[in-house]
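> Structure below; questions to follow.
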Amino acid sequence: MAGHNKWTQIKRQKAVVDAKRSKVFSRYAKIIALAARKGDDPGTNFELRAAIDKARSENMPKENIERAIAKDSGKSGEAQLESARYEAYGPGGVAMIIDVITDSKNRAVAEIKHILNEKGGKFAEQGSVLWAFELSGEKPSAKITVELSSADKEALEKLIEALEESEDVQEIFTNSVKSS
67 MAGHNKWTQI KRQKAVVDAK RSKVFSRYAK IIALAARKGD DPGTNFELRA
117 AIDKARSENM PKENIERAIA KDSGKSGEAQ LESARYEAYG PGGVAMIIDV
167 ITDSKNRAVA EIKHILNEKG GKFAEQGSVL WAFELSGEKP SAKITVELSS
217 ADKEALEKLI EALEESEDVQ EIFTNSVKSS
């Protein structure tokens, strides 16, 4: 009767839930830290206020929010976070834009290149896939879409999943046709 006691079941479920919460919290901590560069007062920094509100909607503890603000406003000795946008081609020639927030751009690039090579993608030079996107506002939208075969669509999904597992990757945009 393995796993019959209550604590074993709670422990297993708690580990899964805690891992998901940790990933969400670290993502919001990076966003807050980046926004705090423009000022650590949420009353005068709208971007910081919005980031804090999003984090609170995910039940991020106040202490974690304060630590994230202190991290990039220069009050702590930790490395400063930087945002970057990388471009790539995925399976079937799909154009991809990968937004990253990291404390080490070199590590982030190496990790993204490794994942792309492993999953059938190709890292592209800066500006080489922007032709396929319209850059209105913060989020790029596909100007030209690409229809994928079922095999390429499956390979693209696996590539996106692998990229999203990276701690530094924030968002991924593609010009593939969304299936409904």
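Residue 151 in our numbering sits at position 85 of the sequence shown; the count goes up by one each step and never skips. Just so it is clear, CB atoms sit at the ideal spot from N, CA and C, and this is done for glycine as well.
Entirely within the region 109-195 and at least 4 residues each: give me those alpha helix (DSSP H) ranges in chain order.
Segments of the alpha helix (DSSP H) lying fully in the region 109-195: 112-123, 128-138 and 171-184.
> Report buried or exposed for ASP119, applying the criterion of at least 16 other Cβ atoms within 10 angstroms of its Cβ.
Looking at its Cβ environment, which holds fewer than 16 other Cβ atoms inside 10 Å, ASP119 is exposed.
> Give the single residue among ASP165, GLY156 and GLY159 whose Cα lies nearest to the Cα of ALA150.
The candidate whose alpha carbon is nearest that of ALA150 is ASP165.
> Specify the secondary structure class of VAL243 as computed by DSSP and reduced to three states.
Coil, per DSSP.
> Which residue wins for smallest C-alpha separation from ALA176, given the options ALA85, ALA81, VAL235 and LYS86?
Among ALA85, ALA81, VAL235 and LYS86, the Cα nearest to that of ALA176 belongs to VAL235.
> In angstroms with no decimal places, state the Cα-to-Cα distance between GLN192 and MET162.
So the two alpha carbons sit approximately 12 Å from each other.
> Just to confirm before moving on: does the CB-CB distance between GLU230 and SER92 stay below 8 Å?
No; because the gap between Cβ atoms is not below 8 Å, this pair is not in contact.
> Taking its Cβ as the centre, do 16 or more other Cβ atoms sit within 10 Å of ALA221, making it buried, or is it exposed?
When all chains shown are included, ALA221 counts as buried.
> Pull up the DSSP beta-bridge partners for VAL235, would you.
Answer is VAL166, bridged to VAL235.
> Where do the ends of the alpha helix (DSSP H) carrying TRP73 lie?
Here the alpha helix (DSSP H) through TRP73 covers 72-101.
> Identify, in the order they occur along the chain, each residue of the same chain with its Cβ nearer than 6 Å to the Cβ of GLY187, setting aside the five sequence neighbours on each side.
Cβ neighbours of GLY187 beyond the five flanking positions: ALA154, GLY156 and LEU225.
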